[in-house]
Amino acid sequence: MIMSGATIQASAPARETVRGGRSSLTRSRIRAAWIFIAPTLIVLALIAGWPLARTIWFSFTDANLNSLNDYEFIGLENYIANYDGEWLGLLTDTDWWRSVWNTVWFTAISVSIEAVLGTIVALILNASFPGRGIMRAVILIPWAIPTVVSAKMWNWMLHDQFGVINDMLLRLGLIAAPITWTANPDTALWTVVMVDVWKTTPFMALLILAALQMLPGDIYEAAKVDGVHPVRVFFRVTLPLIKPALIVAVIFRALDALRVFDLIYVLTANSRDTMSMSVFARQQLVDFQEVGLGSAASTLIFLIIALLIVITMAAGRVRLGGETR
Amino acid sequence: MADVVLKNVRKSFGRARVIHGVDLDVKDGEFLVFVGPSGCGKSTLLRLIAGLEDITSGDLFIGGQRVNDLAPAKRGIAMVFQSYALYPHMSVYDNMAFGLELAKSSKAQIDAKVREAARMLQIENLLDRKPRQLSGGQRQRVAIGRAIVRDPKVFLFDEPLSNLDAALRVQTRIEIAKLHTDTRATMIYVTHDQVEAMTLADRIVVLNAGRIEQVGTPLELYHRPANLFVAGFLGSPQMNFITCVVSHVGSDGVQVQLPNAGMITVPVSSDGVRVGETVTLGIRPDHVKVSAQGTLTGRIELVEELGENHLLYVDFGKDRHLTIREPGDARHGIGQEVSLSLAPESCHLFKDSGEALPLIAPTGTPMARSPSPATSAA
Ligand SMILES: Nc1ncnc2c1ncn2[C@@H]1O[C@H](COP(=O)(O)OP(=O)(O)OP(=O)(O)O)[C@@H](O)[C@H]1O
Ligand SMILES: [Mg+2]
Numbered sequence: 072m073i074m075s076g077a078t079i080q081a082s083a084p085a086r087e088t089v090r091g092g093r094s095s096l097t098r099s100r101i102r103a104a105w106i107f108i109a110p111t112l113i114v115l116a117l118i119a120g121w122p123l124a125r126t127i128w129f130s131f132t133d134a135n136l137n138s139l140n141d142y143e144f145i146g147l148e149n150y151i152a153n154y155d156g157e158w159l160g161l162l163t164d165t166d167w168w169r170s171v172w173n174t175v176w177f178t179a180i181s182v183s184i185e186a187v188l189g190t191i192v193a194l195i196l197n198a199s200f201p202g203r204g205i206m207r208a209v210i211l212i213p214w215a216i217p218t219v220v221s222a223k224m225w226n227w228m229l230h231d232q233f234g235v236i237n238d239m240l241l242r243l244g245l246i247a248a249p250i251t252w253t254a255n256p257d258t259a260l261w262t263v264v265m266v267d268v269w270k271t272t273p274f275m276a277l278l279i280l281a282a283l284q285m286l287p288g289d290i291y292e293a294a295k296v297d298g299v300h301p302v303r304v305f306f307r308v309t310l311p312l313i314k315p316a317l318i319v320a321v322i323f324r325a326l327d328a329l330r331v332f333d334l335i336y337v338l339t340a341n342s343r344d345t346m347s348m349s350v351f352a353r354q355q356l357v358d359f360q361e362v363g364l365g366s367a368a369s370t371l372i373f374l375i376i377a378l379l380i381v382i383t384m385a386a387g388r389v390r391l392g393g394e395t396r
Numbered sequence: 004m005a006d007v008v009l010k011n012v013r014k015s016f017g018r019a020r021v022i023h024g025v026d027l028d029v030k031d032g033e034f035l036v037f038v039g040p041s042g043c044g045k046s047t048l049l050r051l052i053a054g055l056e057d058i059t060s061g062d063l064f065i066g067g068q069r070v071n072d073l074a075p076a077k078r079g080i081a082m083v084f085q086s087y088a089l090y091p092h093m094s095v096y097d098n099m100a101f102g103l104e105l106a107k108s109s110k111a112q113i114d115a116k117v118r119e120a121a122r123m124l125q126i127e128n129l130l131d132r133k134p135r136q137l138s139g140g141q142r143q144r145v146a147i148g149r150a151i152v153r154d155p156k157v158f159l160f161d162e163p164l165s166n167l168d169a170a171l172r173v174q175t176r177i178e179i180a181k182l183h184t185d186t187r188a189t190m191i192y193v194t195h196d197q198v199e200a201m202t203l204a205d206r207i208v209v210l211n212a213g214r215i216e217q218v219g220t221p222l223e224l225y226h227r228p229a230n231l232f233v234a235g236f237l238g239s240p241q242m243n244f245i246t247c248v249v250s251h252v253g254s255d256g257v258q259v260q261l262p263n264a265g266m267i268t269v270p271v272s273s274d275g276v277r278v279g280e281t282v283t284l285g286i287r288p289d290h291v292k293v294s295a296q297g298t299l300t301g302r303i304e305l306v307e308e309l310g311e312n313h314l315l316y317v318d319f320g321k322d323r324h325l326t327i328r329e330p331g332d333a334r335h336g337i338g339q340e341v342s343l344s345l346a347p348e349s350c351h352l353f354k355d356s357g358e359a360l361p362l363i364a365p366t367g368t369p370m371a372r373s374p375s376p377a378t379s380a381a
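For the record, the sequence lines run as chains Y and B. Under the working numbering, the final residue of the first sequence carries the number 396; numbering is consecutive throughout. Under the working numbering, the final residue of the second sequence carries the number 381; numbering is consecutive throughout.
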């Protein structure tokens with residue numbers, strides 16, 4: 072690079088070097104790069120950028136699902152407005168804040184449990200034992216079933232009268248009366264977490280397993296010769312080495328969990344106790360036909376998720392696609 | 004006391020038998036080197052001693068104690084891996100200290116040990132670096148340092164220098180030799196490199212297909228290989244082998260008829276070979292000389308100049324070849340006919356089974372060829 076820069080300087084007019092001091096080779100490489108990524112950028116703009124922009128725009132209007140073309144710009148009134156000294160709008164809506172809290176709580180708890188369980192499952196699958204190949208396939212089944220199907224299935228298993236779970240617990244004498252798992256405010260969100268853990272732990276385990284298989288085997292032999300206790304080896308060697316992969320997996324899952332919809336909607340419908348942000352937005356948009364308000368909720372979801380991701384990445388000090396070992 | 008004794012040690016992986024009954028007695032403080040072709044089981048044998056693999060049958064004693072069922076950490080050994088096996092996320096200091104951080108040693112003790120080892124290996128200024136910020140030679144030294152801080156009775160090295168360039172290899176080799184002199188620990192060392200084996204070893208073990216072919220001091224193995232395999236394996240360029248027929252057996256040795264050439268009487272005892280039997284004559288390239296009145300004549304096929312010496316490849320009919328090493332620059336060209344003489348006292352004879360014929364009583368042999376059976380320097 073230095074060489075070619077020097078050549079250009081010597082032979083080409085001065086303005087060549089003034090323009091950022093790049094050689095013509097570098098410039099043509101940059102141009103080629105833009106040409107290659109342009110199709111992706113255009114597609115992304117069409118399928119992600121345009122709907123997002125439209126949603127944000129609708130959030131500043133009073134659009135209604137009945138008459139989508141007949142709306143007025145109302146500024147921030149969907150978010151916050153003062154009518155005769157009374158504060159209204161999304162930001163003052165306790166139901167909205169409750170759904171935010173539910174979502175964050177659900178995400179934190181389920182992703183934490185999944186990370187721990189996923190790591191354990193991955194460690195087991197990484198050990199060599201007979202039938203490991205089959206186990207690796209079997210464990211993926213919950214992940215392979217569409218969420219709506221598995222949610223319906225769990226709905227039946229958790230049914231307060233006919234559900235197999237209540238039946239088992241009753242027979243074992245662990246509970247005295249059937250529990251309405253999905254309707255009872257005390258158990259509803261935990262039930263959702265449980266089903267989510269059941270469904271997505273395999274995904275987590277698979278990502279972590281991939282990281283485990285990248286680890287060099289010789290350092291474990293070195294630790295064995297040094298007589299380091301396996302638990303210590305896990306916390307001091309394995310965990311630090313799979314941490315980058317683990318953080319990426321957690322971010323993936325957290326993104327997923329923050330926009331959770333189908334699982335909660337199928338298991339508990341529009342129940343306030345479990346309503347997530349996405350369920351709230353859908354309710355505004357479809358059930359109440361308030362496109363403006365629903366769009367405002369969607370915009371807030373976008374902002375909240377973006378903010379949480381930034382915080383997580385800063386905390387884990389990972390730059391996706393950044394530092395390599 | 005840290006002698007290592009193997010008694011009829013065998014190892015199978017499933018149905019694949021890898022080590023077929025090895026008996027070995029490594030003395031306390033000895034530097035023992037395993038050599039052998041790739042896949043012969045050198046690493047496996049070392050890993051059996053380390054306890055990284057289970058012994059299928061036989062007994063292993065370290066310092067008089069049977070350790071077959073003892074965990075690697077309890078055997079008083081330290082191992083240096085070919086791939087270094089450093090913890091990539093830890094600093095050099097932590098790499099060396101990690102194995103010591105057990106309840107027993109205090110922080111100050113660990114610190115003293117690590118710094119002492121770092122000083123010894125001249126890596127004090129690297130202690131804060133991560134392995135990826137080190138060169139291959141520096142990594143290797145860290146790996147050795149990690150072994151040193153454990154204060155082992157037995158050091159195990161698996162081809163520790165094979166990833167280094169030639170100059171660094173020589174330097175690190177000297178450091179390992181120094182480490183052996185300093186610590187007086189028993190060392191078992193696996194290598195592909197003959198020079199490493201010859202220079203470092205008190206005794207060399209030549210392995211082939213899971214069996215020991217010969218154990219002895221480097222010069223014993225070089226001058227008196229017990230069989231064809233050892234003769235061919237040690238020395239570069241390889242020893243020349245010529246198939247020939249026994250023409251006379253006497254008290255002064257065994258006389259053989261060279262193909263397309265004269266006879267030669269090799270001063271070895273017959274050990275049961277009879278006239279008419281086929282044997283293999285072996286002679287190292289240095290012991291074949293171009294001379295006016297040789298036993299053999301042939302045509303030079305190729306000349307390789309190496310500076311301090313040169314190699315001649317001579318064809319003496321029916322696809323029979325001899326390699327000759329002579330000092331200085333070549334005085335002959337390709338295609339030239341030369342006459343070659345073989346020094347009889349430098350010849351080896353091998354029976355059909357591959358076994359070498361023993362020397363006649365030591366009184367009659369020139370001193371130069373029969374090094375005293377020197378044992379370890381310990
Ligand atoms: N875990 C294993 N399972 C099955 N076979 C094995 C295993 N480890 C080694 N072997 C076999 O044992 C034989 C000896 O292997 P080993 O690694 O000891 O050879 P080596 O002498 O160290 O070779 P190299 O010089 O190439 O390192 C080889 O044939 C190898 O295929
Ligand atoms: Mg090996």
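Cβ atoms here follow ideal geometry from the backbone N, Cα and C, with glycine treated the same way.
Cβ atoms of K156/B and A5/B: under 8 angstroms apart, would you say? The residue given as residue 5/B occupies position 2 in the second sequence. The residue given as residue 156/B occupies position 153 in the second sequence. Taking the C-beta atoms as reference points, K156/B is found nearer than 8 angstroms to A5/B.
Cβ of A198/Y within 7 angstroms of any heavy atom in ligand 1? Here residue 198/Y is taken as the residue at index 127 of the first sequence, counted from 1. Taking non-hydrogen atoms of ligand 1 into account, the C-beta of A198/Y is found less than 7 angstroms away from none of them.
Any non-hydrogen atom of ligand 2 closer than 7 angstroms to D289/Y Cβ: Translated into positions along the first sequence, residue 289/Y becomes position 218. Taken from the Cβ of D289/Y, every heavy atom of ligand 2 lies 7 angstroms or farther away.
Could you give the DSSP three-state label for P287/Y: helix, strand or coil? The residue you call residue 287/Y lines up with position 216 of the first sequence. Looking at P287/Y - three-state DSSP - the assignment turns out to be coil, as it is neither helix nor strand.
With DSSP as the reference, identify every bridge partner of F351/Y, one or two as the case may be. By one-based count along the first sequence, residue 351/Y stands at place 280. For F351/Y, which the question treats as bridged, DSSP gives no partner whatsoever.
Starting from G189/Y and walking both ways along the alpha helix (DSSP H), at which residues does that stretch end? The sequence position of residue 189/Y within the first sequence is 118, counting from 1. Residues 165–197.
Please work out which residues of its chain come closer than 8 angstroms, Cβ to Cβ, to V21/B, disregarding the five sequence neighbours upstream and downstream, and give them in chain order. In the second sequence, the residue the question calls residue 21/B occupies position 18. The answer, listed in chain order, is K14, S15, G44, T47, G213.
Which residues bound the alpha helix (DSSP H) around I177/B? On the second sequence, residue 177/B is found 174 positions in, with the first residue counted as 1. Under the DSSP assignment, I177/B falls in the alpha helix (DSSP H) whose first and last residues are 169–186.
Per DSSP, I22/B forms a beta bridge with which residues? Against the second sequence, residue 22/B aligns to sequence position 19. K14/B, per the DSSP bridge assignment.
When the Cβ atoms of the stretch 73–86 of chain B are set against those of the stretch 143–161 of chain B, are three or more pairs found closer than 8 angstroms? In this structure the stretch 73–86 of chain B lies against the stretch 143–161 of chain B, because at least three pairs of beta carbons, one per stretch, are closer than 8 angstroms.
Which one or two residues does DSSP pair with I267/B in a beta bridge? Here the question's residue 267/B lines up with position 264 in the second sequence. In the DSSP output, where bridge partners are listed per residue, I267/B has V259/B.
Q258/B versus I245/B - alpha carbon distance: Within the second sequence, residue 258/B is the residue found at index 255, counting from 1. Within the second sequence, residue 245/B is the residue found at index 242, counting from 1. Q258/B and I245/B: Cα-Cα distance of roughly 14 angstroms.
Is the number of C-beta pairs between the stretch 182–195 of chain B and the stretch 98–108 of chain B that are closer than 8 angstroms three or more? Contact between the stretch 182–195 of chain B and the stretch 98–108 of chain B is absent, with fewer than three C-beta pairs closer than 8 angstroms.
Coil, strand or helix - G298/Y by DSSP: On the first sequence, position 227 is the one that residue 298/Y refers to. Three-state DSSP puts G298/Y in coil, outside helix and strand.
If you draw a straight line from the C-alpha of L55/B to the C-alpha of V175/Y, how long is it? Within the second sequence, numbered from 1, the residue matching residue 55/B stands at position 52. Within the first sequence, numbered from 1, the residue matching residue 175/Y stands at position 104. Using only the alpha carbons, I get a separation of about 47 angstroms.
Determine contact between the stretch 301–316 of chain Y and the stretch 165–172 of chain Y, defined as no fewer than three beta-carbon pairs at a distance below 8 angstroms. Counting Cβ pairs under 8 angstroms, fewer than three are found: no touch.
At what residues does the beta strand (DSSP E) containing V199/B begin and finish? Taking the second sequence and counting its residues from 1, the one referred to as residue 199/B is at position 196. The amino acid occupying residue 199/B in the given sequence is Glu; Val does not appear at that position. Counting along the chain, E199/B falls outside any beta strand (DSSP E), though it belongs to the alpha helix (DSSP H) covering 197–203.
Determine the burial state of M346/Y: buried for a count of at least 16 other Cβ atoms within 10 Å of its Cβ, exposed for fewer. Position 275 of the first sequence, counting from 1, holds the residue named residue 346/Y. Of the other Cβ atoms in all chains shown, 16 or more fall within 10 Å of the Cβ of M346/Y; this residue is therefore buried.
I'd like the ranges of any beta strand (DSSP E) spanning at least 3 consecutive residues and lying wholly in the stretch 322–370 of chain B. As far as the stretch 322–370 of chain B is concerned, its whole beta strand (DSSP E) runs of at least 3 residues are 324–330, 340–345, 351–353.
For M190/B, which three-state DSSP category applies? The count along the second sequence starts at 1 and reaches residue 190/B at position 187. Assignment of M190/B by DSSP, reduced to helix, strand and coil, places it in the strand class.
Which chain B residues sit within Cβ distance under 7 angstroms of I113/Y? Within the first sequence, the letter at position 42 stands for residue 113/Y. Going along chain B, no residue has its Cβ under 7 angstroms from I113/Y, so there is no contact; the nearest lies around 39 angstroms.
Since R214/B sits in a beta bridge, which residues does DSSP pair it with? Locating residue 214/B in the second sequence gives position 211, counting from the first residue. R214/B is bridged to N211/B.
Span of the alpha helix (DSSP H) around E223/B: Residue mapping note: residue 223/B aligns to position 220 of the second sequence, counting from 1. E223/B -> alpha helix (DSSP H) spans 221–226.
How would you list, in chain order, the residues of chain B whose beta-carbon sits under 7 angstroms from the beta-carbon of A293/Y? Taking the first residue of the first sequence as position 1, residue 293/Y is located at position 222. Result: F84, A88.
Taking Cβ positions, are T272/Y and T262/Y nearer each other than 8 angstroms? Walking along the first sequence from the start, residue 272/Y turns up at place 201. Walking along the first sequence from the start, residue 262/Y turns up at place 191. No, these two residues do not count as a Cβ contact at 8 angstroms.
Using a Cβ-Cβ cut-off of less than 7 angstroms, list which residues of the stretch 295–316 of chain B approach chain Y; keep chain order. Listed in sequence order: no entries.
For I52/B, which three-state DSSP category applies? Within the second sequence, numbered from 1, the residue matching residue 52/B stands at position 49. The answer is helix: DSSP assigns I52/B an H, G or I state.
Comparing the C-beta of F101/B with each C-beta of chain Y, is any distance below 8 angstroms? If you number the second sequence from 1, residue 101/B lands on position 98. Closer than 8 angstroms to some Cβ of chain Y, the Cβ of F101/B qualifies, so yes.
Find the residues of chain B that neighbour G189/Y, judging by a C-beta separation of less than 9 angstroms, and give them in chain order. To locate residue 189/Y, count along the first sequence from 1; it is residue 118. Annotation: G189/Y has no Cβ neighbours in chain B at a cutoff of 9 angstroms; minimum Cβ distance is about 21 angstroms.
Quick check: is any heavy atom of ligand 2 less than 7 angstroms from the C-beta of K45/B? Looking up residue 45/B in the second sequence gives position 42. Checking the 7 angstroms criterion, the Cβ of K45/B is within range of a heavy atom belonging to ligand 2.
Which value, in whole angstroms, describes the spacing of the CA atoms of Y96/B and R118/B? As a working mapping, residue 96/B is identified with position 93 in the second sequence. As a working mapping, residue 118/B is identified with position 115 in the second sequence. If you take the alpha carbons of Y96/B and R118/B, they lie about 8 angstroms apart.
Proximity test, Cβ basis, 8 angstroms: L202/Y and chain B: As a position in the first sequence, residue 202/Y is number 131, starting the count at 1. Sequence inspection shows Gly at residue 202/Y; the Leu mentioned does not correspond to that position. Closer than 8 angstroms: no.
Output yes if chain B places a C-beta closer than 8 angstroms to the C-beta of D297/Y; else output no. Within the first sequence, the letter at position 226 stands for residue 297/Y. For D297/Y, the nearest CB of chain B lies under 8 angstroms from its own CB, placing it at the interface with that chain.
Look up S60/B in the DSSP assignment and give the residues it is bridged to. The residue given as residue 60/B occupies position 57 in the second sequence. Bridge partners of S60/B: R13/B.
What is the DSSP secondary structure of G79/B, reduced to helix, strand or coil? Within the second sequence, numbered from 1, the residue matching residue 79/B stands at position 76. Looking at G79/B - three-state DSSP - the assignment turns out to be coil, as it is neither helix nor strand.
Rounded to whole angstroms, what is the Cα-Cα separation between I376/Y and I322/Y? The sequence position of residue 376/Y within the first sequence is 305, counting from 1. The sequence position of residue 322/Y within the first sequence is 251, counting from 1. The alpha-carbon of I376/Y is positioned some 11 angstroms away from that of I322/Y.
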